[in-house]
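Below you'll find the structure, written out as structure tokens, and then a few comments.
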Amino acid sequence: MKNKLYAVGNAHLDPIWLWRWQEGCGEVLQTFRSAVDRIKEYKGFVFTCSSASYYKWVEEIDPALFEEIRKLVKKGKWVPVNGWWVQPDCNMPDAESFARQALYSQLYYYEKFGKICKTGYNVDSFGHSAMLPQLLNKGGMKCYVMMRPGNHENSDMPENLFWWDSADGSRVLTYRIPEAYGASGKKDIDRQLSIAGERAEKSGHGMMFFFGVGNHGGGPTKGDIEYLNELMDDGYEELEFSSPDEYFEEVCAGQLDIPSWNNELQHHASGCYSATSMVKQLNRKAENWLASAEKWNSVAAKISDLPAATKAFGDAWKEVCFNQFHDILCGCSIMEAYDDVRDSMGYAMSIAAKEENKALLKIAGFVDTWLDGVSDSVSCNERHHCRNLNFPRPIIVYNPLSFEVEQAVRTYHPSARVTDCDGNDVLFQNVRSSRSNDSHLDTEFIAKVPAFGYATFWLWHADAPVEKFEKPATSLRCDGLTVENKFIKVTFNEKTGGISSLVNKEDGKEYLGSESCVPVVIDNSEPDTWAHNIFKFDKTLGEMKLDSIEVVENGDARIVVRTKHVYNGSYLKQDFILAESAKILRVKCKALWQEPLTILKMPVTVSGSNPVSAYEIPAGIIRRKCVGEEDPALTWGDVSADGKGVSVISDSKYSYDCNGNTLRLTLIRNCIFADHYSDRPAADFNYTDEGMNRFEYALYPHSGEAENSVIQHQAAMFNNRLVAIPVGYHKGTMPKKQSFISIDKPNVSMMSFKFCEDGSGDAVIRLREMYGKPVKTAVVCDILEAGFYADFNPFEIKTFRIDKEGYVRETNFLEGIPE
Amino acid sequence: MLKPYKLKDHICRFCKLFSLDDPAVPKALFEAEAIKPDLTGFPYPLPSKKGDYTCSAKTGEVLWFGASNGLTRYDEREERYEDKIMYFSADRDLPDNNVRALLPDGENLWVLTEKGATYIEMRLVSAEEKADILRAESEKYVDRRGMKTQKYLTEGRNLDSILPYGHSDNDGCFTATYAMGEIYRYAVYKREKGPDHPDTVTARKYATRAAEATLLLMHISGRGDGFVARTYLCPDEPVPDDGIFFRKQGDTAVCLETTNSKEWDVVGAECFCGAEMPERLTKLYTDLGYSHDGIVYKADTSSDEISTHFVFFKVCHDLLGCDDPELDEILVSTCKRLMNHIIDNGYILRDFTGRATSWAKWNEEYFNTDFGYVDACLNASQVLMYHLVTMDITGEEGKWRESYDYLVNEKGYADYGRKHFDRLFQASISGEFDYPEDIMYGDHMLATCTFFGLCTLEKNEELLAKYREGYKSWRSSIAREHNPGYDIPYMVACPDNDVDIEALATWLYRTNASRLAAGVSLIGRHDIPVKKLQAGTDEISVLLPPDERFISKYDRNPFDYKNEDSGGIMCVESAYVYGFAYWMGRYYGFFE
């Protein structure tokens, strides 16, 4: 029947939004109970529900109810959909997060119900990034249900049913809900049925119609089901209780030609990518830390008796996945909810911190750091440490990234000399520490560390009797407010504190079209927290005024220019840090923000004509028109013109706009918590970014457009710094410098290195292509006794499962377990 | 147009196998010390597990590592991965995979395995020399009255044990492709060396024979209505039980008893076979002493045959027919008769039963069935291509134009092609298989012929754009094969699109200099990931060079993990796969 209407009974459950998670948990239990009862009461009724985390709550709290659900799933009366932990925001989690959303959820479904979800289902998420088809496919899903943006927000994309393609070659059959995911009550049901019926008639294929009380759960009421039964009894032949799985199966078995779409699905809520900076910062930090920590744990477990912490990482990732729920990560829940989020993310990161520390020290224990004579008797007068100053102390620096990194790294204590493990002197600088006792100084040195490996460095204490040595040459120069290294030259305006010139020394050209990095304050009084129906933040209130500018450090390893800008009672302090060997200008920020209903943006203007803007998105790069709309991105945004580009990298922000040649990173968005189309009755409001904000961003000038630069590498380095671990002197079986993996193509990087969830001891390596260029690469990992080749489509992610003999299987995010 | 890619001479493996007691095997090989190589920190993935390597040797700058599951060659000077590390395995390269000792012999290598020995020569061979070697092999061992498909052996790897008979379901398709390769060769030589050069004369001889064999299949049924046979057998050849066969006697052909004919309930059915056949074609068997009586032909012909035949018509007419008016006349009349058959029968190939053959259906009725719904995208395009070829080589429009315009304007056939990817993908969801992995690989050649013909013949820009879109909708599955036999026609048809020409060069460089299907080892390779497909089969996730995988025609998934040679290991395959790709590339100036 071509105009069949599939009535999908469901309950949209927000575990956190205008309430805290405890309320959400209760709502899930009540809704699931109700749904089970309705299924038993009404023949033919089928219930659809997403989010593995909800099922887990029910399993833990009400196992009897869970058992009933298991039986109903087996009978096809209850249909789990969306093989993800929650219905996350679909723009801000990184690709590894989406992999984990699928991994933990689909394996949970597989364990409990004997099957995985075939249909992705994010009916309320506010936008959908362009590589989502791949992220769904590789999590075992070929079909997708979404609703936002609505036709009034994006009329270019197809209505109803369409093929959605991503650049790697993946595609999902996507159903766009016409208007509402939860009709309830006769009037509402009539309206939604009417819309679905009209569309079925027009499109020539069946349509789904979603009913059931939602948001705070509830699901289909007796009244709803009885009314639909009445309609069916009265001859509404096209109508039938069903599920998305059944819908897609039947539609695909038919003969229809449907349109395709190969772009992102935006915009619904442009403000969600900047609201509540805290949760975004926690998300970025947790994602990176967990990924790194698990990599190191896997290495340590492979080479030593340290156990694999797969379960602990799973527990941690589940917290992160939960907090990626769209109303949480989008910053539009109530303020109190974020106390819970902070605790939850703290729990996750605490696991990362502990496991990483254990692993790094365990690995370090195998490195030969012994120096003859170092154990001779010494007399030590220092308060905080005991050492023989005649010997340098070993510092092992770890690089979690799968390419070689040269970066400044900081350690406790000032130094007189630093060498690498081959005896070569290394550039260093004693810099002011954050403490205000002891020596007041730390050492910052330029470390070069092999891909996913470590290198040992030797630091002579500042008080040590150091023989005369030749310091390596530095390219750093400071002339007034102009600073430069071998890659870039930056000039600051002493009156505005902005950057008046940025020269890429590779081609000697000026990259700025006008003065940049003078913070701009925008009026945000009109938009609600989501910024519904507002797509540009362009009501400028003014620029922040320069209060001070000075060069606070000028050494061999780095130069620091500090500015302070003020606006009313708020200030922004920025340390512009140019390090030797760095292709970026790093900016460390501290903002005390007290301006209600404002936005703070950092503009950068590239010189040239015909600008193009590009952004990192989960598992890819996207280009967008330079029309000033606020858009989501992951770690960087970029504007290029006439072969010159400037990227703005951030450690915690997700929102940019680009109008013409000017790209602006949104640093702060200070709106009222959970302000939903509100008329704002008077109250002592709390604001999302009120108070002290600490974050970093960086400028990266490059020739050519973003895809032809090394922006993905720079952003990865910026977000995943080298880790310096002080170690003792000991004999060891491992060399002083080592790489644990070799990937011989620069556009392929390692996302994850872990153990398989099935406890087999098999290792899992996940790789991705970063720049949209198809490639074949060779991967060698001796600790796994593995070496293999891999072909990648543009932006493709591949997951490899490696057994104990080093034989490799390509799987998907589910690690081959449901196979 | 891309700048021609200069193909260099490239090393090619020549392996000669010996039994352990063969006096040709040097004693020193048995006494060679097995020195376990130290592969710590080796920078590339290796086909065997590092710990499994037991012996090593050096020939010039090249290192060889022997393992319990094969032999590895390493030349760090090479640029491509495939050439840096090469893998040799049983049965094609080694008697078995358990390598015991290695003995350099200048640049060559003796290999001792558990059950025998191999002498490996790595010879520099040009792409053209390889084409010559392969053609010689096909002409000597594979040829069956001009048909070039495959022949079977009674003893593995022994070409002298070849059986004199044998057939393939798609003899017409493969022979037509072989013919096209040799016709392109002839055209290249004629252009570069002149028409009277001995190489040109030889090329013409082989091209003509294959063209005649192809054309004969379009007459052999003797039905006189344009019906095309899949293949035919002479009276002394055994009739296999894999289809519908008719034995000719006088003017009547009788359907033979086979499993299929019993299922169709047509055993003993009779049909006319007395139509006149061009003597020039029938000489292919009458010269061998056979008469028309007793000839067995195979019916239920598929669109694979028909589509390759039409592209063959075009290529043969343009490049060979111009120098052979008699052949051209036969070709043109054959084409017209076939086209008439298709149009007059409502766009089907009508078999003796009066109904359509299983797969040669281009009518709307078929397109509206569940199966035909997916097939429609290719089949509609095929029949349009047939019309364009017919108009082109006959120089006539009339009926052909009328029919073409009807299909395009009234039936929307030109719009089907671009829906291929969507419809197949849709089928993969309801059918629960993976796209593009779990598909019918034979369709790739069918699509190549179809869209190559359409895109090179259609002059209307609007229709051309649609056909190019149709061609592109196949690329998601075709492109991953990096087969120049597919990619060269695509570059000709859609010149604005990127093709990895280096990968095509690798394919040519690394195709074996023999189509002897002796089998190679894949199971146990340590450097190639394997993935399980939804339909349950295993596939390797990286394309191996042709000389490290099974030998087949253009109809197999080159990623197939099972890795069995198409005809089993007791088989020698036609060289058309190489000749068609290489000579077409040369003809169109992609290679030099």
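Here the protein sequences line up with chains Z and G, keeping their order. The first sequence: position 121 = 121 (our numbering), numbered continuously. The second sequence: position 142 = 142 (our numbering), numbered continuously. Every residue gets a Cβ at the ideal spot worked out from N, C-alpha and C, and that includes glycine. Quantities reported herein were computed from a predicted structural model and do not represent experimental measurements.
Asked	Found
8 Å Cβ cutoff, residue 419 of chain G in contact with chain Z	yes
CB contact check: residue 425 of chain G to chain Z, cutoff 8 Å	yes
Residue of Z/67, Z/806, Z/793, Z/688 minimising C-alpha distance to residue 336 of chain Z	Z/688
Cross-strand partners of residue 272 of chain G (DSSP beta bridge)	G/252
Presumed contact (8 Å Cβ cut-off) between residue 53 of chain G and residue 62 of chain G, rounded CB distance	The Cβ separation is near 15 Å, so there is no contact.
Nearest-angstrom beta carbon gap, residue 716 of chain Z and residue 749 of chain Z [assumed within contact, 8 Å]	7 Å
Cβ contact (3+ pairs, closer than 8 Å) linking the stretch 112-130 of chain G and the stretch 16-32 of chain G	yes
Residue range of the unbroken alpha helix (DSSP H) whose run includes residue 275 of chain Z	Note, residue 275 of chain Z: premise wrong, no alpha helix (DSSP H); not H, not E.
Euclidean distance between Cα positions of residue 98 of chain Z and residue 315 of chain Z	15 Å
Interface residues of chain G facing residue 142 of chain Z [CB-CB closer than 7 Å]	429
Through-space distance from residue 178 of chain G to residue 145 of chain G, alpha-carbon basis	13 Å
Length-filtered (3 minimum) beta strand (DSSP E) runs lying within the stretch 728-757 of chain Z	737-739, 748-755
For residue 72 of chain G, the first and last residue of its enclosing beta strand (DSSP E)	70-74
Reduced DSSP category for residue 558 of chain G - H, G, I as helix; E, B as strand; rest coil	coil
C-beta neighbour in chain Z for residue 541 of chain G, strict 8 Å	yes
Check whether residue 449 of chain Z and residue 722 of chain Z have beta carbons under 8 Å apart	yes
Residue-level contact to chain G via CB, residue 134 of chain Z, 8 Å cutoff	no
Within 9 Å of chain Z by C-beta, residues of the stretch 469-493 of chain G in sequence order	476, 480
Secondary structure of residue 396 of chain Z, DSSP reduced to three states	strand
Beta-ladder partner(s) of residue 124 of chain Z, from DSSP	Per DSSP, none; premise fails for residue 124 of chain Z.
DSSP state of residue 804 of chain Z mapped onto helix, strand, coil	coil
Residues within the stretch 77-98 of chain G neighbouring chain Z, beta-carbon criterion of under 7 Å	81
Endpoints, the beta strand (DSSP E) within which residue 175 of chain Z is located	171-176
Contact under 8 Å by Cβ, residue 51 of chain Z with residue 85 of chain Z	yes
Beta-carbon proximity list for residue 581 of chain Z, same chain, < 6 Å, skipping 5 on both sides	406, 446
First through last residue of the alpha helix (DSSP H) which encompasses residue 659 of chain Z	Note, residue 659 of chain Z: premise wrong, no alpha helix (DSSP H); beta strand (DSSP E) at 655-659.
The beta strand (DSSP E) enclosing residue 384 of chain G, as first and last residue numbers	Premise fails: residue 384 of chain G lies in the alpha helix (DSSP H), 370-394, not in any beta strand (DSSP E).
Simplified DSSP state of residue 83 of chain G, which is helix, strand or coil	helix
Bounding residues of the alpha helix (DSSP H) (the contiguous stretch that carries residue 181 of chain Z)	Unbroken run through residue 181 of chain Z: none, as it is neither H nor E.
DSSP-derived helix/strand/coil call for residue 413 of chain Z	coil
Under 9 Å by beta carbon: chain Z residues contacting residue 336 of chain G	Neighbours of residue 336 of chain G on chain Z: none; closest Cβ ~35 Å, over 9 Å.
Residue 237 of chain G versus G/290, G/214, G/190, G/265, residue with shortest Cα-Cα distance	G/290
Closer than 8 Å to chain G by CB, residue 817 of chain Z	no
Nearest-angstrom Cα separation, counted from residue 327 of chain G out to residue 209 of chain G	11 Å
Candidates G/69, G/57, G/541, of which the one nearest residue 51 of chain G by Cα	G/69
Unbroken beta strand (DSSP E) run spanning residue 422 of chain G, endpoints	Careful: residue 422 of chain G lies outside any beta strand (DSSP E), inside the alpha helix (DSSP H) at 420-430.
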